[in-house]
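Below you'll find the structure, written out as structure tokens, and then a few comments.
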Amino acid sequence: MRYHFLVLEFAKDEEVELDLGLAEEQLKEQYKGKLDKKLSGNVFEVMSKIFRVMVDMKIIVPGSSVGLGLFS
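So this is what it looks like as structure tokens:
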């Protein structure tokens, strides 16, 4: 059985500044301008944006999912 999930954990207050190693043309054409060459902010926000754009799938982060409230 295979599961199609990837679970990552990041520190809430950790910040990062990245320069993506992609050409401007590639960012515009392949990723439709949804990614900037330079990204900065909280690690979880930057990584979520990169994953969301590159895999073109919805990303679920804590607090954004809606449950039945059975355990709250």
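Numbering-wise, the sequence shown is residues 1 to 72 according to the UniProt record's numbering. All C-beta atoms, glycine included, are put in the ideal place defined by N, C-alpha and C. In this text the structure is predicted, and so the values were computed from the model without any measurement.
Residue i (DSSP reduced to helix, strand or coil)
i	result
V16	strand
K37	coil
V7	coil
8 Å contact criterion, which residue i and residue j should meet: CB distance rounded
i	j	result
E24	K37	6 Å
L35	I59	In fact, because the Cβ distance is near 14 Å, the residues do not count as touching under 8 Å.
Proximity to residue i [Cα-Cα], best of the options
i	options	result
P62	R2, Y3, V7 and M1	V7
Q46	L18, K32 and M57	A quick correction: the sequence has Val, not Gln, at residue 46. With distances taken between Cα atoms, V46 lies closest to L18.
residue 74	S48, Y31, L20 and Y3	Shown here, the chain extends from 1 to 72; a query on residue 74 therefore has no answer.
Specify whether the stretch 5-18 and the stretch 30-49 touch according to this definition: at least 3 beta carbon pairs, one from each stretch, less than 8 Å apart. yes
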